[in-house]
Amino acid sequence: MSRLRELAARLAAREVSAVELTREALARIERHDGDLNALVTVCADRALAQAEAADATLAAGAGPLTGIPLIHKDIFCTSGVRTSCGSRMLDNFVPPYDATAVEHLDAAGMITLGKANMDEFAMGSSNETSFYGPVRNPWNTDYVPGGSSGGSAAAVAAGLAPAATGTDTGGSIRQPAALCGITGFKPTYGRVSRWGMIAFASSLDQAGCFARSAEDCALLLQAMAGFDERDSTAVDRPVPDYAAALTGDIKGMKVGVPSEYFAEGLEARTRAAVEAGIQELEGRGAEIVEISLPHTDQAVPTYYVVAPAEASSNLSRFDGVRYGYRCDDPADLEDLYLRSRGEGFGREVQRRIMVGTYALSAGYYDAYYLKAQKVRRLIADDFRRAFEQVDVIASPTTQGPAFRLGEKLDDPVTMYLNDIYTIPANLAGLPGISAPCGFVNDLPVGMQLLAPWFEEGRLLNAAHAYQQATDWHTRRPEGFEA
Numbered sequence: 001m002s003r004l005r006e007l008a009a010r011l012a013a014r015e016v017s018a019v020e021l022t023r024e025a026l027a028r029i030e031r032h033d034g035d036l037n038a039l040v041t042v043c044a045d046r047a048l049a050q051a052e053a054a055d056a057t058l059a060a061g062a063g064p065l066t067g068i069p070l071i072h073k074d075i076f077c078t079s080g081v082r083t084s085c086g087s088r089m090l091d092n093f094v095p096p097y098d099a100t101a102v103e104h105l106d107a108a109g110m111i112t113l114g115k116a117n118m119d120e121f122a123m124g125s126s127n128e129t130s131f132y133g134p135v136r137n138p139w140n141t142d143y144v145p146g147g148s149s150g151g152s153a154a155a156v157a158a159g160l161a162p163a164a165t166g167t168d169t170g171g172s173i174r175q176p177a178a179l180c181g182i183t184g185f186k187p188t189y190g191r192v193s194r195w196g197m198i199a200f201a202s203s204l205d206q207a208g209c210f211a212r213s214a215e216d217c218a219l220l221l222q223a224m225a226g227f228d229e230r231d232s233t234a235v236d237r238p239v240p241d242y243a244a245a246l247t248g249d250i251k252g253m254k255v256g257v258p259s260e261y262f263a264e265g266l267e268a269r270t271r272a273a274v275e276a277g278i279q280e281l282e283g284r285g286a287e288i289v290e291i292s293l294p295h296t297d298q299a300v301p302t303y304y305v306v307a308p309a310e311a312s313s314n315l316s317r318f319d320g321v322r323y324g325y326r327c328d329d330p331a332d333l334e335d336l337y338l339r340s341r342g343e344g345f346g347r348e349v350q351r352r353i354m355v356g357t358y359a360l361s362a363g364y365y366d367a368y369y370l371k372a373q374k375v376r377r378l379i380a381d382d383f384r385r386a387f388e389q390v391d392v393i394a395s396p397t398t399q400g401p402a403f404r405l406g407e408k409l410d411d412p413v414t415m416y417l418n419d420i421y422t423i424p425a426n427l428a429g430l431p432g433i434s435a436p437c438g439f440v441n442d443l444p445v446g447m448q449l450l451a452p453w454f455e456e457g458r459l460l461n462a463a464h465a466y467q468q469a470t471d472w473h474t475r476r477p478e479g480f481e482a
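In structure tokens, the structure reads:
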């Protein structure tokens with residue numbers, strides 16, 4: 001039984017109340033978060049009020065998520081609760097509304113414990129760019145948890161909450177899920193509304209979730225998904241019953257293994273763990289097919305033109321005038337702009353704004369941004385052709401396990417390569433999941449599965465079948481056992 005179903009069963013049987021679950025979770029946060037720095041805000045009063053309401057609802061019968069606590073990445077606007085996006089720029093921002101994803105999970109009866117630390121404006125692969133300091137990996141606190149949703153991943157891995165939300169622009173759910181030994185799910189672009197989710201790169205950002213298992217992720221996606229007229233990129237199509245799709249039967253499923261994802265740069269023991277995971281899928285009846293995604297080596301450079309370009313546009317609104325950080329005693333309007341942005345944004349955000357502004361500038365737009373969009377189309381076409389041959393694609397999530405804090409912080413190019421296996425799915429808008437598949441140096445690694453657009457049910461079932469055959473997703477870091 002999945003962790004969320006287990007908690008739902010205990011709540012339904014009155015073995016525990018929502019208030020008791022919430023108090024227990026808040027106590028774990030108090031006890032452990034000093035070692036992890038996974039949360040930037042704890043909403044104890046709000047959580048307990050929601051828990052009391054959930055208990056009243058449970059008395060009359062409720063849904064599968066009612067009364068279960070979770071943590072939101074601090075990129076989702078939450079009414080009356082600071083939403084900082086990990087930045088000094090928004091350190092004092094308290095939105096008057098909830099993001100759609102938050103609304104949906106509130107409506108499902110879930111309880112918001114707090115807001116998770118993250119790389120500033122979701123720009124980072126290690127959760128070291130946050131204004132509030134780095135998040136630490138619960139498997140070894142000298143190591144990074146991955147990013148940008150590292151706070152959410154570390155919180156779930158450490159048992160501070162059974163679930164958390166995240167966002168994935170270039171792998172920011174799947175990569176930290178792999179490095180923290182949990183399951184992280186990114187839906188198809190447009191499946192979950194982005195309204196109220198502070199934008200980094202609008203054509204790439206997608207809300208998703210973290211939990212212990214694919215079954216848990218299916219329950220969360222069921223609540224989060226759906227059309228939203230406030231989001232012009234939300235897709236208006238029915239939401240399937242994802243939990244019903246989890247039959248565990250993958251007999252005859254064709255699993256594509258792209259040769260480009262198993263080439264130079266992949267750490268040998270990580271490769272062995274992922275290959276063992278693929279063999280488990282074969283053992284449950286799947287057919288393994290070697291495929292090629294020939295434009296894979298163009299994904300990282302394409303992403304680091306498109307994403308910074310969109311970021312430079314999205315972040316232009318933070319100018320010290322309307323809301324957010326404002327410098328002290330500006331001499332004039334130009335000084336207000338320069339110092340507010342210079343003091344409010346961290347180094348990585350400034351770097352990406354500069355790169356993006358350059359790529360969009362006169363004389364360079366055609367050479368960089370337009371060309372990147374053309375290559376992006378080629379990458380999507382690679383996947384389209386691949387999915388004519390196979391049902392899902394299996395690969396490593398990362399090149400290796402977590403690295404030490406500070407190890408790559410001063411080498412942006414090496415840092416950017418951490419997302420080499422996850423970025424292509426964002427450029428194409430595909431759904432993806434990372435499931436734990438083993439350990440290297442006592443640190444977890446993950447296997448990534450991808451599926452065609454809007455085939456989340458197929459993807460979740462493939463991951464569920466794998467997790468029925470393995471127990472990697474049940475492992476807990478020492479000192480944080482449930």
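According to the UniProt record's numbering, the residues represented by the sequence shown are 1 to 482, in order. The beta-carbon is built from N, C-alpha and C at its ideal position, and this holds for glycine as well. As the structure is a computational prediction, the values presented were derived from the model and not from experiment.
Taking 3 residues as the shortest admissible run, the region 205–243 contains the following complete beta strand (DSSP E) segments, listed from N- to C-terminal end: 207–211. With contacts defined by Cβ atoms closer than 8 Å, Ala-394 and Leu-219 do not form a contacting pair. Per the Cβ contact rule, the region 34–42 is in contact with the region 78–87 (3 or more Cβ pairs under 8 Å). The alpha-carbon separation between Ile-433 and Ala-465 amounts to approximately 13 Å. For Gly-324, no beta strand (DSSP E) encloses it, and the DSSP letter there is neither H nor E. Taking C-beta separations shorter than 6 Å and ignoring five residues to either side along the sequence, the partners of Gln-298 in its chain run Val-375, following chain order.
Counting only runs that start and end inside the region 358–420, the alpha helix (DSSP H) elements of at least 4 residues fall at 371–386, 412–416. Judged by their CB atoms, Val-390 and Ile-291 are nearer to each other than the 8 Å cut-off. Closest option to Val-135, judged by alpha-carbon separation, among Cys-180, Ala-108, Ser-259: Cys-180.
Burial check for Asn-92: the Cβ neighbour count within 10 Å stays below 16, so the residue is exposed. Inter-residue distance for Ala-25 and Ala-9 is about 18 Å (C-alpha atoms, whole angstroms). Contact between Asp-382 and Leu-449 fails: their C-beta atoms lie close to 17 Å from each other, not under 8 Å.
Contact check for Gly-147 and Asp-119: beta-carbon distance about 4 Å, within the 8 Å limit, so the pair qualifies. Taking a 10 Å sphere around the C-beta of Gly-346, we find 16 or more other C-beta atoms and assign the residue as buried. Membership of Ile-288 in the beta strand (DSSP E) is indicated by the continuous run 287–291.
Here Pro-138 is buried. Its C-beta has 16 or more other C-beta atoms within 10 Å. Residue environment analysis places Ser-172 among the buried positions, since at least 16 neighbouring C-beta atoms fall within 10 angstroms of its C-beta. For Thr-100, the enclosing alpha helix (DSSP H) begins and ends at 100–107.
Each residue's CA atom was taken as its position, placing Val-144 and Arg-271 some 20 Å apart. Closest in alpha carbon position to Ala-27, among Leu-48, Ile-353, Arg-269, Leu-336, is Leu-48. It is roughly 7 Å from the alpha-carbon of Gln-175 to the alpha-carbon of Asp-419. Judged by their CB atoms, Ala-469 and Arg-284 are nearer to each other than the 8 Å cut-off. Taking C-alpha positions only, Tyr-261 is separated from Tyr-416 by approximately 16 Å. Here Leu-378 is exposed, its C-beta having fewer than 16 other C-beta atoms within 10 Å. Between Gly-344 and Met-89 a beta carbon distance of about 4 Å is seen, short of the 8 Å cut, so the two are scored as contacting.
Residue range 164–167 is occupied by the beta strand (DSSP E) that includes Ala-164, with no alpha helix (DSSP H) assigned at that position. The Cβ neighbour count for Ala-155, taken over all protein chains shown within 10 Å, is at least 16; the residue is labelled buried. Taking 3 residues as the minimum length, the beta strand (DSSP E) runs contained wholly in the region 57–86 are 69–73, in order along the chain.
Per DSSP, Leu-266 has no beta bridge partner at all. Contact between Ala-307 and Ala-201 holds: their C-beta atoms lie close to 4 Å from each other, under 8 Å. In the three-state reduction of the DSSP assignment, Tyr-143 falls in the strand class, which pools E and B. The residues Gly-181, Pro-444, Gly-446, Trp-472, His-473, in chain order, have a CB closer than 6 Å to that of Pro-436 in the same chain once the five nearest residues on each side in sequence are set aside. Per DSSP, Pro-301 is one residue of the alpha helix (DSSP H) stretching across 299–314. Taking a cut-off of 8 Å on C-beta distances, the region 353–360 touches the region 310–317, as three or more cross pairs fall below it.
Beta bridge pairing from DSSP links Phe-185 with Cys-209, Ile-433. C-alpha of Ala-13 to C-alpha of Gln-50: approximately 19 Å in a straight line.
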